[in-house]
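Each number in my numbering comes from the position in the sequence shown (counting from 1) with 1 added on.
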Amino acid sequence: MTANTTRPFKWDRVVRFSHWMIAALFFANMSVTEEGSDIHRWFGYVILGAIVLRLIWGMFTHSEARLTRFIPSLSAARAHFSNLIDGRDHTSSGHNPAAALMIWSLWGLLLVTILTGWTMTQSGGELEWLEEVHEFAANATLVFVTIHVSAAILMSRYGMRNYIKSMLY
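Following this line, the structure appears as structure tokens:
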């Protein structure tokens with residue numbers, strides 16, 4: 002009898018660092034910092050830096066974090082959900098097709114939030130429509146984060162892989 006030497010999947014340090022940096026600072030900006038304050042803006046800039054780090058890492062790494070390994074596709078996500086409904090779990094490492102859509106959506110919403118926040122700062126806050134877009138993008142991000150966390154918990158609980166553990170250590 003041979004020992005099972007297969008190690009559980011785990012995200013690399015750059016992915017975990019950027020993920021938790023973005024999560025912590027986004028949560029702080031949504032709940033703790035004062036809108037428009039220096040710290041609110043700086044947290045936004047650090048989030049931008051973490052996204053840029055993650056995207057650069059994703060272009061050069063050969064791990065599951067490589068951007069070309071999770072290109073978003075609505076049809077692939079639909080097939081993934083269909084498989085889940087039929088009781089077939091997604092067993093490959095890295096992102097499943099639904100997660101790919103979620104991650105790219107989150108990055109896009111965060112970038113819209115940051116860009117509109119920066120533009121408001123540059124314009125002196127004179128453009129009310131820009132503030133509305135900024136708030137919409139931030140609130141949409143919060144909704145997507147809630148779905149993301151819920152899906153990770155459900156998939157870890159009922160799926161074949163612990164998504165939470167893979168992002169922790």
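Glycine residues also receive a C-beta, built at the ideal position from the N, C-alpha and C atoms.
Model, not experiment: these values are computed from the prediction.
Does DSSP classify residue i as helix, strand or coil?
| i | result |
| --- | --- |
| residue 55 | helix |
| residue 62 | coil |
| residue 37 | coil |
| residue 6 | Low local confidence applies: a pLDDT of 41 at residue 6 is under 50, so the model's placement there is unreliable, with the coordinate-based value given in what follows. Note: residue 6 maps to coil in three-state DSSP. |
| residue 95 | coil |
The alpha helix (DSSP H) with residue i in it runs from where to where?
| i | result |
| --- | --- |
| residue 111 | 98-124 |
| residue 131 | 129-159 |
| residue 176 | Any property of residue 176 remains undetermined from this structure, which presents the chain solely from 2 to 170. |
| residue 79 | 75-86 |
| residue 72 | Counting along the chain, residue 72 falls outside any alpha helix (DSSP H), and DSSP gives it neither H nor E. |
| residue 164 | 164-169 |
I need the straight-line Cα distance from residue i to residue j, nearest angstrom please.
| i | j | result |
| --- | --- | --- |
| residue 65 | residue 95 | 5 Å |
| residue 10 | residue 70 | 15 Å |
| residue 115 | residue 73 | 22 Å |
| residue 19 | residue 75 | 25 Å |
| residue 58 | residue 21 | 15 Å |
| residue 132 | residue 42 | 14 Å |
| residue 110 | residue 30 | 15 Å |
| residue 12 | residue 124 | 40 Å |
| residue 80 | residue 170 | 30 Å |
Does the ligand MN have even one heavy atom less than 7 Å from the beta-carbon of residue i?
| i | result |
| --- | --- |
| residue 22 | Summarising the ligand content, the structure contains no ligands, and the ligand MN is consequently not present. |
Are at least three pairs of beta-carbons, each pair with one atom in the region 119-132 and one in the region 149-161, less than 8 Å apart? no
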